[in-house]
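Visitor:
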Amino acid sequence: MPDAKPFVLQCPLPVGNTGFVQLAHGGGGKLMHDLLEQMVLPLLGNPILESRHDGAVLAINGTRLAFTTDSYVVQPLFFPGGDIGTLAVNGTINDLAMCGARPLYLSAALILEEGLPLDTLSRVLASMRDAAKATGVQFVTGDTKVVDKGSGDQIFVNTAGIGVIEHQLTIAPSGARPGDAILLSGDVGRHGIAIMAVRQGLEFETTIESDCAPVVQPVLALLDAGFEVHCLRDLTRGGLATALIEIAETARLSIAIDESLIPVMEDVQGACEILGFDPLYLANEGRFVVFLPASRAADALKMLRAHSVSSGAVQIGNVGENAAARVTLRSRIGTLRVLEMLTGEQLPRIC
Amino acid sequence: MCLAVPGQIVTIEGEGVLRLGRVSFGGIVKEVNLAYVPEARIGDYVVVHVGFAISVMDEHEATQVFEYLKQIDELSELEGGNR
Amino acid sequence: MKFIHEYRDRAPAEEYAKAIARITTRPWMIMEVCGGQTHAIVRFGIDELLPTRITLLHGPGCPVCVTPIELIDKATQIASRPEVTFCSFGDMLRVPGSERDLFAVKASGGDVRTVYSPMDALKLALDNPARQVVFFAVGFETTAPANAMAVYQAKEAGITNFSVLVSHVLVPPALEALLSSPDNRVQAFLAAGHVCTVMGYEEYVPIAANYRVPIVVTGFEPLDILQGVYMCVRQLEEGRAEVENQYTRSVRREGNRPARQLISQVFRIVPRKWRGVGEITESGLGLAPEYADFDAELRFNLTAYTAEEDSECISGLVLRGVMKPYECSAFGNRCTPEHPLGATMVSNEGACAAYYHYRRHEIQAHAAGIASKGASRA
Numbered sequence: 049m050p051d052a053k054p055f056v057l058q059c060p061l062p063v064g065n066t067g068f069v070q071l072a073h074g075g076g077g078k079l080m081h082d083l084l085e086q087m088v089l090p091l092l093g094n095p096i097l098e099s100r101h102d103g104a105v106l107a108i109n110g111t112r113l114a115f116t117t118d119s120y121v122v123q124p125l126f127f128p129g130g131d132i133g134t135l136a137v138n139g140t141i142n143d144l145a146m147c148g149a150r151p152l153y154l155s156a157a158l159i160l161e162e163g164l165p166l167d168t169l170s171r172v173l174a175s176m177r178d179a180a181k182a183t184g185v186q187f188v189t190g191d192t193k194v195v196d197k198g199s200g201d202q203i204f205v206n207t208a209g210i211g212v213i214e215h216q217l218t219i220a221p222s223g224a225r226p227g228d229a230i231l232l233s234g235d236v237g238r239h240g241i242a243i244m245a246v247r248q249g250l251e252f253e254t255t256i257e258s259d260c261a262p263v264v265q266p267v268l269a270l271l272d273a274g275f276e277v278h279c280l281r282d283l284t285r286g287g288l289a290t291a292l293i294e295i296a297e298t299a300r301l302s303i304a305i306d307e308s309l310i311p312v313m314e315d316v317q318g319a320c321e322i323l324g325f326d327p328l329y330l331a332n333e334g335r336f337v338v339f340l341p342a343s344r345a346a347d348a349l350k351m352l353r354a355h356s357v358s359s360g361a362v363q364i365g366n367v368g369e370n371a372a373a374r375v376t377l378r379s380r381i382g383t384l385r386v387l388e389m390l391t392g393e394q395l396p397r398i399c
Numbered sequence: 017m018c019l020a021v022p023g024q025i026v027t028i029e030g031e032g033v034l035r036l037g038r039v040s041f042g043g044i045v046k047e048v049n050l051a052y053v054p055e056a057r058i059g060d061y062v063v064v065h066v067g068f069a070i071s072v073m074d075e076h077e078a079t080q081v082f083e084y085l086k087q088i089d090e091l092s093e094l095e096g097g098n099r
Numbered sequence: 330m331k332f333i334h335e336y337r338d339r340a341p342a343e344e345y346a347k348a349i350a351r352i353t354t355r356p357w358m359i360m361e362v363c364g365g366q367t368h369a370i371v372r373f374g375i376d377e378l379l380p381t382r383i384t385l386l387h388g389p390g391c392p393v394c395v396t397p398i399e400l401i402d403k404a405t406q407i408a409s410r411p412e413v414t415f416c417s418f419g420d421m422l423r424v425p426g427s428e429r430d431l432f433a434v435k436a437s438g439g440d441v442r443t444v445y446s447p448m449d450a451l452k453l454a455l456d457n458p459a460r461q462v463v464f465f466a467v468g469f470e471t472t473a474p475a476n477a478m479a480v481y482q483a484k485e486a487g488i489t490n491f492s493v494l495v496s497h498v499l500v501p502p503a504l505e506a507l508l509s510s511p512d513n514r515v516q517a518f519l520a521a522g523h524v525c526t527v528m529g530y531e532e533y534v535p536i537a538a539n540y541r542v543p544i545v546v547t548g549f550e551p552l553d554i555l556q557g558v559y560m561c562v563r564q565l566e567e568g569r570a571e572v573e574n575q576y577t578r579s580v581r582r583e584g585n586r587p588a589r590q591l592i593s594q595v596f597r598i599v600p601r602k603w604r605g606v607g608e609i610t611e612s613g614l615g616l617a618p619e620y621a622d623f624d625a626e627l628r629f630n631l632t633a634y635t636a637e638e639d640s641e642c643i644s645g646l647v648l649r650g651v652m653k654p655y656e657c658s659a660f661g662n663r664c665t666p667e668h669p670l671g672a673t674m675v676s677n678e679g680a681c682a683a684y685y686h687y688r689r690h691e692i693q694a695h696a697a698g699i700a701s702k703g704a705s706r707a
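Residue numbers (the numbering used here), protein chains in the order written: chain A, 49 to 399; chain B, 17 to 99; chain C, 330 to 707.
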């Protein structure tokens, strides 16, 4: 799945269909969604691709493997809590984890812009090494290309990953069932604000760090303990809301969540209030949701909370009984609203 | 035109039009121009719009929303509720 | 967060809702002026808590929505110049002009930047003496003190590469224009709490008296809006037409004196054209003669012309509260946030975008009804 800049402040919402790619097409919202549905899937589609999950589950000679790819084009390259290197590793292995796979091997393809300082490249590679080491995966193949100055944005990284599936479950949006509990692994909005805050004009005096982290451990713990996990999704650009909307639409199920149950750290909340952002739509890089039978929710939470990356895990809602394919949020004051896909990036507002 | 957020003043420096403060919004701190609130002190809450404090939060008045509610509820109980 | 989340509490919200229901005996139409209030109403579903006899109309409270199309065109012209760094608040970037918006200018190589504060634009000018930095000074009275300060400090410091494109609008003249319009349906107003934080609320007293409308200065959190509605309904039921202040924790009768003083020094009152509404005399702020050097319209050679609004866009009727967004034939099909026909669909606060974002599912049935009937428009 292509991973564009996690938070492009100046992402244009196009006026009309111009017939050209717009930045919004990479934004994770409705335009990207439409591009996939209307162009990519019709041309490249097959049942595996159309399961629309974070990775592909492939059965080869009796072994189930998960296979995924992502490209990383984040600017700035270095931000509080991580850099493009850590993202490139964690993002891809997290996608493998979302298929219920144990990540094993990664490839790395680098597209370098002429003039990139070698020192910068070295830093990024060191981050990639450290992130891979932390999760026991190895880079086994790769490629390097250099493009003319001006044709790239310093460095683009693509990583592809392979993992092995050691259970019999089908973990995908199609696995979600009416009545399932929806667990969220921790507070939201951190990465989006961290990226925003290092952009010009929006600096804060205090630092919010990205939540970029691997989520493999708690996921494998759940699977190894035999929990009947129906669906997993890591939250990236577009945030919690977009992830849930995508699952609801793919699974053709209704989802109901409660705003007062969704954790947002106070400093992230403060940044959102100042800029006029909704934390439910902000990017995350170390958070995921779990769909599983409601009767197992309490035990699953206990297990998740034993791991530091998911120590703040909570249940935020349930899958509903009807096939309405939408996400309903109960607001703090008790009223209901339907969550819609964002059409473009959120922009700081004065109104 | 109306997105203004309350934050607490942590530090103040400068004077007049250059009076600046570091203001904490739930822990995130931003530099804010305090020229329009010369009476504000460290620890006060100010309402901030596009980097400028436009008023000092009156903490006494801040509870009036709840007191007013209490009054109208009491009133309606006295009146036996009017339907 | 203190002074925010306590006003988003469910129990008092429900209590206020019950209290409003208790005192409502007749249908009433109340308009909230400010886009930020519209946003809160739609985001928290506040109108769901109100009795059906109370209708909330969404007024012209978003400077994005009311900025005339000509000014967007001037902005895109200036921003296209190679020597210009054009700075703007985020929500202005998607507002459509006659041909394109500021995002399109950026996409074709223009140096267009989003800033949080006008002072960020001024700093850019200081740090980049070779660039002409232009700031799009949009807003109601709330933003005027910030914009005034940027211009004032630029002059004091002798900065020559900074200018502002001014599109300031004032609320009281807009209310009067609304109230004197023959198709006006508004019976009471929730006045904009942050506008009044700056300006005070004395200007509203003659409006309340002359037009016999209650005006309650209201904040932006759910409890503020509910209390403001309660106070309006109470006045309406009792036949009163006064100015009251709900937002006492921030608003004083005289407003913010130093802010008003600098505004009157740097700006003067001018006629302004409001998108979808037309020209309202004395409804805007322009730079005072002593600051004319900082006027981007004068500094750059701009062609003057009048622009046509898209004929299908009923922003004007929505802004005046005459129609609801979903009563527009283009709503949700030809006009969506990805493909906006008018400014009310672009701005997060625009009534149309607010409805689209939060309410599309609920009103699809209504839209289907409109499509088969055909919409009639004034």
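Ideal Cβ positions, reconstructed from N, Cα and C, are used throughout, including at glycine.
Computed from a prediction, not measured in an experiment: that's the story for all the values here.
Going along the chain, which residues of its own chain have a beta-carbon closer than 8 Å to the beta-carbon of I230 of chain A, five neighbours each way excluded?
Guide: Within the same chain, I230 of chain A has close Cβ partners L292, I303, I305, V337, V338, F339, Q363, I364, G365, N366 and V367.
Visitor: Could you check where the alpha helix (DSSP H) with S593 of chain C kicks off and where it finishes?
Guide: R586 to V595
Visitor: Since V122 of chain A contacts L160 of chain A with CB under 8 Å, what's their CB separation in whole angstroms?
Guide: About 15 Å; that fails the 8 Å criterion.
Visitor: Quick check on I213 of chain A: buried or exposed, where buried means 16 or more other Cβ atoms within 10 Å of its Cβ?
Guide: buried
Visitor: Can you check which of these residues, A:R171, A:A114 and A:V236, is closest to G334 of chain A by C-alpha distance?
Guide: Taking the Cα of G334 of chain A as reference, the smallest distance to any Cα among A:R171, A:A114 and A:V236 is reached at A:V236.
Visitor: If you run the structure through DSSP and keep just helix, strand and coil, what is E611 of chain C?
Guide: strand
Visitor: Let me know if K46 of chain B comes out buried or exposed under the rule of 16 or more other beta-carbons within 10 Å of its beta-carbon.
Guide: buried
Visitor: Count the other CB atoms, across all protein chains shown, that sit within 10 Å of the CB of T353 of chain C; report buried if there are 16 or more and exposed otherwise.
Guide: buried
Visitor: Determine the DSSP secondary structure at F373 of chain C, reduced to helix, strand or coil.
Guide: coil
Visitor: Please say whether G360 of chain A and A242 of chain A have beta carbons closer to each other than 9 Å?
Guide: Result no, Cβ atoms of A242 of chain A and G360 of chain A do not sit closer than 9 Å.
Visitor: How would you label N138 of chain A, buried or exposed, when you count the other beta carbons within 10 angstroms and need 16 or more for buried?
Guide: buried
Visitor: What's the C-alpha gap between E678 of chain C and I609 of chain C?
Guide: Reliability of the predicted coordinates at E678 of chain C is poor, the pLDDT of 48 falling under 50, and the value obtained from them is presented with this limitation in mind. Distance between the alpha carbons of E678 of chain C and I609 of chain C is about 22 Å.
Visitor: Could you please give the first and the last residue of the uninterrupted beta strand (DSSP E) stretch that includes T547 of chain C?
Guide: I544 to T547
Visitor: Would you mind telling me which residues of chain A sit closer than 7 Å to R339 of chain C, beta carbon to beta carbon, in chain order?
Guide: R380, I381 and G382
Visitor: Which residues in the same chain as P221 of chain A place their Cβ atom closer than 6 Å to its Cβ, once the five residues preceding and following it in sequence are excluded?
Guide: C279, I295, T298 and A299
Visitor: Check the DSSP bridge columns for L386 of chain C and list the partner residues they point to.
Guide: Partner(s): C:M360.
Visitor: In the structure shown, what three-state DSSP assignment does L232 of chain A receive?
Guide: strand
Visitor: Buried or exposed: where does L387 of chain A fall if 16 or more other Cβ atoms within 10 Å of its Cβ makes it buried?
Guide: buried
Visitor: According to DSSP, what are the bridge partners of V45 of chain B?
Guide: Residue pairing by DSSP puts V45 of chain B in a beta bridge opposite B:S40.
Visitor: Listing by chain order, which chain B residues have their CB less than 9 Å from the CB of N585 of chain C?
Guide: Y52, V53, I70 and S71
Visitor: Is there a C-beta anywhere in chain B that falls below 9 Å from the one on A220 of chain A?
Guide: No Cβ of chain B is located within less than 9 Å of the beta carbon of A220 of chain A.
Visitor: So I398 of chain A contacts chain C; which residues on that side make the cut at Cβ distance below 7 Å?
Guide: F418, D420, G468 and T472, listed in chain order.
Visitor: For T384 of chain C, which residues in chain B fall below 8 Å Cβ to Cβ?
Guide: Close to T384 of chain C, with beta-carbon spacing below 8 Å, lies no residue of chain B; the smallest spacing is near 21 Å.
Visitor: Restricting to runs no shorter than 3 residues, where is the beta strand (DSSP E) found entirely within the region 407-444 of chain C?
Guide: Segments of the beta strand (DSSP E) lying fully in the region 407-444 of chain C: 413-417 and 440-443.
Visitor: Near R380 of chain A, which residues of its chain fall below 7 Å by C-beta distance, leaving aside the five closest residues on each side in sequence?
Guide: So the qualifying residues of the chain are E307 and S308.
Visitor: Between the alpha carbons of D553 of chain C and L519 of chain C, how many angstroms are there, rounded?
Guide: 10 Å
Visitor: Between the alpha carbons of A157 of chain A and G43 of chain B, how many angstroms are there, rounded?
Guide: 39 Å
Visitor: Could you tell me the boundaries of the alpha helix (DSSP H) in which E573 of chain C lies?
Guide: Careful: E573 of chain C lies outside any alpha helix (DSSP H), inside the beta strand (DSSP E) at V572 to N574.
Visitor: Anything in the region 316-346 of chain A with a Cβ closer than 9 Å to a Cβ of chain B? List those residues in chain order, please.
Guide: V316, Q317, G318, A319, E321, I322, L323 and G324
Visitor: Is A528 of chain C close to chain A, meaning its C-beta is less than 9 Å from at least one C-beta of that chain?
Guide: First, the amino acid is wrong: residue 528 of chain C is Met here, not Ala. M528 of chain C does not count as touching chain A.
Visitor: So is K46 of chain B in contact with chain A if we call contact Cβ pairs under 9 Å?
Guide: yes
Visitor: Distance cutoff 9 Å, beta carbons only. Does R57 of chain B sit that close to anything in chain A?
Guide: Cβ-Cβ to chain A under 9 Å: no for R57 of chain B.
Visitor: Return yes when at least one heavy atom of the ligand PLP lies under 8 Å from the C-beta of F82 of chain B, else no.
Guide: With respect to the ligand PLP, the structure offers nothing, as it holds no ligand at all.
Visitor: Do you know how far the Cα of R385 of chain A is from the Cα of A373 of chain A?
Guide: 14 Å
Visitor: If we call anything under 9 Å between Cβ atoms a contact, is D89 of chain B one with T577 of chain C?
Guide: Judged by their CB atoms, D89 of chain B and T577 of chain C are not nearer to each other than the 9 Å cut-off.
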